[in-house]
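Sequential numbering from 621 applies to the sequence shown in our numbering.
Cβ atoms here follow ideal geometry from the backbone N, Cα and C, with glycine treated the same way.
For clarity, every value in this text was computed on a predicted model and none was experimentally measured.
Right, one structure below, let's go through it.
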Amino acid sequence: MASTAERIQKLVAENLEVDGQPVSVPDDLNANLSDAGVPSMDFVAFAKVIVAEFDVPLTPDDCAGFSTLKDLAAYIDGQAA
621 MASTAERIQK LVAENLEVDG QPVSVPDDLN ANLSDAGVPS MDFVAFAKVI VAEFDVPLTP
681 DDCAGFSTLK DLAAYIDGQA A
């Protein structure tokens, strides 16, 4: 099974675009989606994708607390523990 990081990278590539181009995420997930130009409404929709994929509770307030996708991956892994 793919790691949490790999699954997040795949979900970003499949679900998020900026100016019609897929969002590029570094392998270490040290990326912030808002810095990459992803609108906040798209990030909210992406959070729903994360909830469906990983079956974890995730609110808009939770999302605001993540500085990077790496933080999101750590949260997901922590929920699975």
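Item                                                                                                                                                                              : Value
Run through DSSP, which three-state label would aspartate 646 get?                                                                                                                : In the sequence as displayed, the identity of residue 646 is proline instead of aspartate. Coil.
Looking only at DSSP bridge pairs, what is glutamate 673 linked to?                                                                                                               : Glutamate 673 pairs with nothing; no bridge assigned.
Within the same chain, show all residues whose beta-carbon is closer than 6 Å to that of glutamine 601, passing over the 5 residues directly before and after it, in chain order. : Past the boundaries of the shown model lies residue 601; the chain is included only from 621 to 701, so the question cannot be answered.
Go ahead and pull the three-state DSSP assignment for valine 658.                                                                                                                 : coil
For a quick check, are the C-beta atoms of lysine 690 and aspartate 647 less than 8 Å apart?                                                                                      : no
Using a Cβ-Cβ cutoff of less than 8 Å, which residues in the same chain neighbour serine 687 once the five nearest sequence positions on both sides are dropped?                  : Asn652
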